[in-house]
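To keep things clear, I will list the structure first and then write my remarks on it.
Numbering (UniProt numbering), first residue to last: 1 to 504.
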């Protein structure tokens, strides 16, 4: 018995010494990294008092205090966080493929999409990335464009039902983007826009809220405590809904795929005489059938991953862009003029790929909105080796966070950085800009695989809405509070008026 106790005591002592050594080494190596003064017991935690709306604002405020530094150190209790705030420091990490391991916070999403593309590493990540890349080929995106058009037309009709009343655009964007990603990813017409309440929408919203709560609670970040918390228990129930839904869809689509194959009609028309649309899931089923490179569990991982990555981020981008357009009537008029030239004066239900390409000024406006209001406000990496970042040596195993809004507002690359100016993205202005000064879709080898899909959806939604309506808002930017969580959301909504251009 004494031998067993001695053994465990020795193990605990070894762990303590190892952690103590790492902590001392970490502190000594990061001593010269710029950052605010901190308390030896709580670090800088006292700076982050207040609600969730205040945390992101405080983080950006601290980094503003060290605007000239490419990297900022903040202590949260005994844990250090390093924030990359300039394109030059971002490039060091993003361009080095050895730092492909996602940061610690991403593990909180693993109960939903397990070890899918976002979280996987090594050979699995490489194989999955190679497998999924063809899903975003131009010909596949062209099929997705048709789906985007259909659901966006529904969105414009629902917005029009408000007449001249102001409405919070965020819930509308959320339902539309979920309908789009659900049909493109799984081939399922969810119909969120047609129902006041939908169980899958409620589950998706619920799981993102659970993850967001963990982000700002030291108590909930502990796995043992979290599983017994009210939020942890709620997450378990929500995950049953999400996983049961995708399991059921995979089973149904797999049966349909086998039926078509046995009948020799993989490329046939559907019952309405239309060319059959391929969903993202169908392409994974083809990979499974061809060489068994992915099993049903793997398909579920990637489908759930796309539901997470392609829903909330896009609805954020749509909402902030519409709000910014409403803020600047002169910019909105230029968009209207371009739309009337490219699409004609009458609203259309189907906007072609060629027309989307011709909407160049609209694309500049979208990019400028993504610059100032990045849907993903930060992403992180875990350093795999000691690394020199702009003159500062950072030890391996340090969590490094790309603070996207700070990178996007660096005066070195963005003159008058907080002014909304779409002309920044005109070809002659963007030609010589630092490649890591604009990273709304992450950066490096682990950048967003669906960024072309996202831009197509954003342009499609903007084109349909702006072709039909004139937007107005009375909400001043200084009154809008940002929730900087896994997705940048407005606290209190974004209230807009959609007035039919036909009656102007």
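Quick reminder that beta carbons are idealized off the backbone N, C-alpha and C, glycines included.
Close beta carbons around residue i, own chain, < 6 Å, minus the five adjacent residues each side
i           : result
residue 153 : 349
residue 135 : 280 and 283
residue 484 : 56 and 377
residue 480 : 490
residue 379 : 402 and 442
Proximity of residue i and residue j at Cβ, strictly below 9 Å
i           : j           : result
residue 53  : residue 491 : yes
residue 408 : residue 431 : no
residue 257 : residue 30  : no
residue 198 : residue 206 : no
residue 148 : residue 456 : yes
residue 112 : residue 225 : no
residue 166 : residue 495 : yes
residue 131 : residue 325 : no
residue 347 : residue 440 : no
residue 84  : residue 74  : no
residue 81  : residue 399 : yes
residue 107 : residue 302 : no
residue 373 : residue 316 : yes
First and last residue of the uninterrupted beta strand (DSSP E) at residue i
i           : result
residue 499 : 495-500
residue 381 : 378-382
Residue i - containing alpha helix (DSSP H), residue span
i           : result
residue 290 : 280-291
residue 370 : 360-372
residue 481 : It is not in any alpha helix (DSSP H) - residue 481 instead sits in the beta strand (DSSP E) that spans 481-484.
residue 108 : Neither: residue 108 is in no alpha helix (DSSP H) and is coded neither H nor E.
residue 322 : 312-327
DSSP three-state assignment for residue i, whether helix, strand or coil
i           : result
residue 11  : helix
residue 489 : strand
residue 469 : strand
residue 271 : Confidence in residue 271 is poor, its pLDDT being 48 and thus under 50, which makes the residue's placement unreliable; the coordinate value appears in the next sentence. Coil at residue 271, not helix or strand.
residue 26  : helix
residue 75  : strand
residue 505 : Past the boundaries of the shown model lies residue 505; the chain is included only from 1 to 504, so the question cannot be answered.
residue 446 : helix
residue 344 : coil
residue 21  : Confidence is the limiting factor: at residue 21 the pLDDT is only 48, short of 50, which leaves the residue's position unreliable, though a coordinate-based value still follows. Three-state result, residue 21: helix.
residue 402 : strand
residue 81  : strand
residue 459 : helix
residue 244 : helix
residue 163 : coil
residue 168 : strand
residue 440 : strand
residue 254 : helix
residue 102 : strand
Buried versus exposed call for residue i [16 or more other C-beta atoms within 10 Å across all chains shown]
i           : result
residue 319 : buried
residue 360 : exposed
residue 390 : exposed
residue 405 : buried
residue 464 : buried
residue 557 : Nothing about residue 557 can be reported from this structure: the residues present for the chain run from 1 to 504 only.
residue 321 : buried
residue 138 : exposed
residue 295 : exposed
Own chain residues within Cβ distance below 8 Å of residue i, not counting five before or after
i           : result
residue 124 : 115
residue 181 : 306, 307, 310, 311 and 314
residue 513 : With the chain covering 1 to 504 only, the question about residue 513 has no answer from this structure.
residue 271 : Bear in mind that the predicted position of residue 271 carries a pLDDT of just 48, short of 50, making it unreliable; the figure below should be weighed with that in mind. Excluding residues within five positions, none has a Cβ falling inside 8 Å.
residue 49  : none
residue 58  : 47, 48 and 50
Chain C within 9 Å of residue i, Cβ atoms only
i           : result
residue 323 : Protein chain content of the structure displayed is limited to a single chain, and chain C is not contained in it.
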